[in-house]
Amino acid sequence: MIFLTRMDKQMFYINPDHIVCIEETPDTVITLFNDHHFIVREPARVIIDKIIAFRSRIIRRSGGTTGKRSRAAKRQCLFRSAIQSRDITPVERTFQTAAQPHTRDF
Numbered sequence: 319m320i321f322l323t324r325m326d327k328q329m330f331y332i333n334p335d336h337i338v339c340i341e342e343t344p345d346t347v348i349t350l351f352n353d354h355h356f357i358v359r360e361p362a363r364v365i366i367d368k369i370i371a372f373r374s375r376i377i378r379r380s381g382g383t384t385g386k387r388s389r390a391a392k393r394q395c396l397f398r399s400a401i402q403s404r405d406i407t408p409v410e411r412t413f414q415t416a417a418q419p420h421t422r423d424f
């Protein structure tokens, strides 16, 4: 939730996921998906900065990153652990059992 101020200096929180658009006429008007409108004191740039800060806090608290580097590092770590594990190494051909031929004609 982000903290905003109405024109009458009343302070309130709003969920940034519900914002459809922010218009900057002489006053800043926020339109929500349910067609409610709020006129606030903050300019659009400040509201956008607050939304970015809010979402970055959520990502930071979750401990997750969405970057390609992190996914690549996880893949490499998984690959290394799979290579070092003896459970998945292929068995040599001499020890493999041959498939039994069919004894019945179809």
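Taking the numbering used here, the leading residue of the sequence shown gets 319, the next gets one more, and so forth.
Virtual Cβ for every residue (Gly too), placed ideally from N, Cα, C.
task = Report yes if the C-beta distance between residue 338 and residue 346 is below 7 Å; otherwise report no.
result = Within the sequence shown, numbered from 1, the residue matching residue 338 stands at position 20. Within the sequence shown, numbered from 1, the residue matching residue 346 stands at position 28. No, Cβ-Cβ distance for residue 338 and residue 346 is not below 7 Å.
inquiry  = How far does the beta strand (DSSP E) with residue 321 in it extend, from its first residue to its last?
reply    = What you label residue 321 is simply residue 3 of the sequence shown in a count that begins at 1. That run of the beta strand (DSSP E) goes 320–323.
task = May I ask you to report which of helix, strand or coil DSSP gives residue 354?
result = Within the sequence shown, the letter at position 36 stands for residue 354. Coil at residue 354, not helix or strand.
task = Provide the residue span of the alpha helix (DSSP H) that contains residue 378, from first to last.
result = Along the sequence shown, read from residue 1 onward, the residue named residue 378 stands at position 60. Taken as a continuous stretch (DSSP letters only), the alpha helix (DSSP H) holding residue 378 covers 362–380.
key: Proximity of residue 336 and residue 356 at Cβ, strictly below 7 Å   = Counting from one through the sequence shown, the residue named residue 336 turns up at place 18. Counting from one through the sequence shown, the residue named residue 356 turns up at place 38. It is not a contact, given that the beta carbons lie outside the stated cut-off.
request  = Using the Cα positions of residue 333 and residue 388, report the straight-line distance between them to the nearest angstrom.
outcome  = For this step, residue 333 is matched to residue 15 along the sequence shown. For this step, residue 388 is matched to residue 70 along the sequence shown. Roughly 29 Å between the two C-alpha positions.
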